[in-house]
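Residue numbers (the numbering used here): -8 to 245.
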């Protein structure tokens, strides 16, 4: 496949799911790196499926071990309410730095908590100040009303929405893009809708989009092909491919 710019993937996981429905998952770091090499992915922001299907505590440990084997892999931990002390503690941000963790995920409806100021007040204020991205998958454990309510409480939060769906999803995403300048959309499903990428770039700028594959739920080729052939400038393609995520990572203060 012809490719003339770097790719940083903001949305993929390692590990074998406990339920069927993916293509061939990768269970080891070496397998993941082989996939990245095959598809010319230079870097990836990775999470572990055990963070969702088993527990964030176990999944975070597995993720940290997996990414320690390669500088190309950046980590993403999953959070739980700070009151329980299961994940978030006094050394949390220092531990993030030590383990090369550059983003967080949350699955409130799957992990039995509410995503609001009462539960996460001081913690998400600090996350906002440190510019650590909080990532949500609309396919897993969160609904649109959760995101709307959260951003109303924490309007400065850097937030990345993944797996956002197609066919009319702009009715959900565009009000958020309009109201919250630190909100970003991942492209793996957006790119499958005719004109999905182009319409967001025209209305809000390429700076609000981040390349993601959704691997292994989806093939790398689909999102790569749509980005390569989207009707936007090469400069905008480059921003989406890697520059926007590169900038977000550089802005993080740990």
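C-beta atoms are modelled at their ideal positions from N, C-alpha and C, and glycine is treated no differently. All of these numbers come straight from a predicted model, not from anything done at the bench.
Classification of residue i by the beta-carbon crowding that lies within 10 angstroms, buried from 16 upward
i: residue 230; result: buried
i: residue 199; result: buried
i: residue -8; result: No answer about residue -8 holds up, because its pLDDT of 39 lies below 50 and its placement is not dependable.
i: residue 42; result: buried
i: residue 173; result: buried
i: residue 235; result: buried
i: residue 225; result: exposed
i: residue 244; result: exposed
i: residue 51; result: buried
i: residue 216; result: exposed
Simplified DSSP state of residue i, which is helix, strand or coil
i: residue 202; result: coil
i: residue 111; result: helix
i: residue 221; result: coil
i: residue 164; result: helix
i: residue 243; result: coil
i: residue 23; result: helix
i: residue 209; result: coil
i: residue 135; result: helix
i: residue 8; result: coil
i: residue 54; result: helix
Segment limits, beta strand (DSSP E) that includes residue i
i: residue 151; result: 150 to 153
i: residue 34; result: 34 to 39
i: residue 175; result: 174 to 177
i: residue 145; result: Run containing residue 145: none; DSSP gives neither H nor E here.
i: residue -1; result: -1 to 5
i: residue 196; result: Taken as a continuous stretch (DSSP letters only), residue 196 belongs to no beta strand (DSSP E), as it is neither H nor E.
Bridge partners - residue i, DSSP secondary structure assignment
i: residue 246; result: For the chain, the structure presents residues -8 to 245; residue 246 sits outside this window and is missing.
i: residue 96; result: 69, 126
i: residue 64; result: 35
Near the ligand MG: residue i beta-carbon under 7 Å from a heavy atom
i: residue 163; result: In terms of ligand content, the structure shown is empty, and the ligand MG therefore cannot be addressed.
Host alpha helix (DSSP H) of residue i (start-end)
i: residue 89; result: 83 to 89
i: residue 17; result: Run containing residue 17: none; DSSP gives neither H nor E here.
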